[in-house]
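Numbering (our numbering), first residue to last: 8 to 163.
We put the beta carbon where it would ideally sit given N, CA and C, even for glycine.
Inspection log for the structure reproduced underneath, given as structure tokens.
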Amino acid sequence: MTGSKTNSSADPTPTGVPKHLQGIDPNQVDWKAKDQAYWKEHLSPEQFAICRDAGTERPWTGQYCRSHEPGMYYCACCGLPLFESTNKFESGTGWPSFTEPYTKDAVMERADNAFGMSRVEVLCSRCGAHLGHVFEDGPPPTGRRYCINSVCLFRK
């Protein structure tokens, strides 16, 4: 799913950090208490549809799909460190893929049986944002492929 950005507060600054995360300590915010109106105000329409309504961006369209630059990938909603570039790999699927999260507590996993498929959804553990899915077909050493929507991330 794609959409045009009409909400300037969702646009990242030159540092890559979304504007709604600038000048605050994201560790001091109760992100799970934020309502849908907050997220609609602070995320682009595409980010809202994917991060808050469990959508999926079209394959090969995300800004981090083919990116190989070093850095840490953070949740675009709450700024939690999620994945390191050293764990990113080319999966050939059209979405950024990682072998493991930054820490075991960075993400949550839950069953996703939508659309007649049995998958495992990946969510940000701090704010509950939908990030993508994890599959058991990744490379060693984990054998896992965290297939993550670019729009749910920022890198720095």
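Checklist entry - Taking all protein chains shown into account, do 16 or more other C-beta atoms lie within 10 angstroms of the C-beta of GLN54, making it buried, or fewer, making it exposed? => result buried
Next on the checklist: Quick check: the segment 150-158 against the segment 96-108, are at least 3 beta-carbon pairs closer than 8 Å?
Outcome noted: yes
Item to check | Segment contact, 8 Å Cβ cut-off, at least three pairs: the segment 33-49 with the segment 133-140 | outcome: yes
Next on the checklist: Could you check whether the segment 115-122 touches the segment 90-98, counting it as contact only if at least three pairs of C-beta atoms, one from each stretch, sit closer than 8 Å?
Outcome noted: No, because fewer than three Cβ pairs between the segment 115-122 and the segment 90-98 fall closer than 8 Å, the two stretches do not touch.
Item to check | Three-state secondary structure (DSSP) of SER125 | outcome: coil
Checklist entry - Nearest CA to the CA of ARG117: which residue from TRP67, TYR109 and GLU128? => result GLU128
Item to check | CB-CB length for TYR109 against PRO88, believed under 8 Å | outcome: For a cut-off of 8 Å, the C-beta gap from TYR109 to PRO88 is around 5 Å, short enough to register as a contact.
Item to check | Buried versus exposed call for SER25 [16 or more other C-beta atoms within 10 Å across all chains shown] | outcome: Going by the sequence as given, residue 25 is Pro instead of Ser. Buried is the call here.
Checklist entry - According to the neighbour-count rule (16 or more other Cβ atoms, all chains shown, within 10 Å of its Cβ), is GLY86 buried or exposed? => result buried
Next on the checklist: On the DSSP bridge list, what partners appear for GLY139?
Outcome noted: According to DSSP, which records beta bridges pairwise, GLY139 is partnered with VAL129 and ILE155.
Next on the checklist: I need the straight-line Cα distance from ALA113 to LEU28, nearest angstrom please.
Outcome noted: 18 Å
Next on the checklist: Please return the same chain residues whose Cβ sits closer than 6 Å to the Cβ of PRO33, not counting the five positions on each side in sequence.
Outcome noted: CYS85 and GLY86
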